[in-house]
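Engineer: One structure, pasted below without further comment.
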Ligand SMILES: NC(=O)c1ccc[n+]([C@@H]2O[C@H](COP(=O)([O-])OP(=O)(O)OC[C@H]3O[C@@H](n4cnc5c(N)ncnc54)[C@H](O)[C@@H]3O)[C@@H](O)[C@H]2O)c1
């Protein structure tokens, strides 16, 4: 069903992973999509996939850590497709290791806050004046925005800021009829993550065992939520951080503990990272 017919969307980091699936999902429901990514060849490959399935899309090379390129991305979407309705702020990469407050470098912290916080502000600043009533902004945050892991100060801070900015922006742009929501994915096995798990199947099994639903997520699990929040079906939802994590973050410690104990008993040869 073409719930997004005549809509125009930008998906940053839209070449692969969660952004790739989101671009395909929006296009499958009738939107014209600018697949914006630093990796132009991969963005073009995703556009070819969208077109082969009967959708409409264009690829462009934009680095969202550069405010000029973010401005150009929005201007190109509008000049190419004539309007803008949906902005999915999804792109993320890491150039240097994350760390604790004691170990992280200033440049790693600066870059993380640029790609997760400032780039999102630049994209919204360029996009909102182009959006009419019914516009929808979707920010990809993470469960890391509210549950903390060791030595990941930059990522947790950045994703917590994405959730805060989502709520704040929903207040500012609600009167114009523009909704702003976030999605907080659990562990999503993208093309890149699948590569990372190769050869570590037993450890990956432990991760899956800790999900109440018995599996980790797929890019499509998140893309479906993106499509819903972009659509008129979500017309009364704004300022919300939607957790899409197979129930991973609803558990008390004993539930994790029992799942881990059962799994390690069945797989006594398991090696944890670093062992
Ligand atoms: N995969 C997960 O388990 C997971 C979980 C929670 C949240 N997230 C979030 O979801 C989003 C997507 O993650 P993913 O796992 O799909 O990533 P990915 O690495 O699979 O894909 C990221 C895409 O963004 C592009 N990109 C990277 N830097 C860019 C830049 N500066 N400008 C433009 N494009 C850029 C890459 O080329 C790639 O196509 C990120 O915001 C990430 O923090 C991912």
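In my numbering, the protein residues as written are 406 to 680.
Ideal Cβ placement from N, Cα and C applies to all residues, glycine included.
Kindly indicate the opening and closing residues of the beta strand (DSSP E) around residue 541.
Structural biologist: Run containing residue 541: 541–545, per the beta strand (DSSP E) assignment.
Engineer: Could you pull the DSSP bridge partners for residue 509 from this structure?
Structural biologist: In DSSP, residue 509 forms no bridge with anything.
Engineer: Using DSSP's beta-bridge definition, name the partner residues of residue 727.
Structural biologist: Residue 727 lies beyond the residue range present for the chain, which begins at 406 and ends at 680; the question has no answer from this structure.
Engineer: Please report the distance separating the alpha-carbon of residue 470 from that of residue 672.
Structural biologist: Whole-angstrom Cα-Cα distance: 43 Å.
Engineer: If you measure between the beta carbons of residue 760 and residue 546, is that distance less than 8 Å?
Structural biologist: The question about residue 760 has no answer, for the chain in this structure spans 406 to 680.
Engineer: Residue 472 lies in the alpha helix (DSSP H); which residues open and close that run?
Structural biologist: Start and end: 472–486.
Engineer: In chain order, what residues of the same chain have a beta carbon less than 6 Å from the beta carbon of residue 540, not counting five sequence neighbours either side?
Structural biologist: Only 490 and 583 meet the Cβ criterion.
Engineer: Just to confirm, is the Cβ distance from residue 414 to residue 431 under 8 Å?
Structural biologist: Contact: yes.
Engineer: Apart from the five residues just before and just after residue 647, which ones in its own chain have a Cβ nearer than 8 Å to its Cβ?
Structural biologist: Hits under 8 Å: 586, 587, 588, 589, 630 and 634.
Engineer: Starting from residue 465 and walking both ways along the beta strand (DSSP E), at which residues does that stretch end?
Structural biologist: Segment 461–466, the beta strand (DSSP E) holding residue 465.
Engineer: Going by C-alpha to C-alpha distance, which of 504, 509, 513 and 667 sits closest to residue 498?
Structural biologist: Checked all of 504, 509, 513 and 667; the closest Cα to residue 498 is 513.
Engineer: If we call anything under 8 Å between Cβ atoms a contact, is residue 467 one with residue 503?
Structural biologist: Their beta carbons are not under 8 Å apart, which means residue 467 does not touch residue 503 by this criterion.
Engineer: Can you grab the Cα-Cα spacing for the pair residue 484 / residue 436, in whole Å?
Structural biologist: Rounded to the nearest angstrom, the two C-alpha atoms are 16 Å apart.
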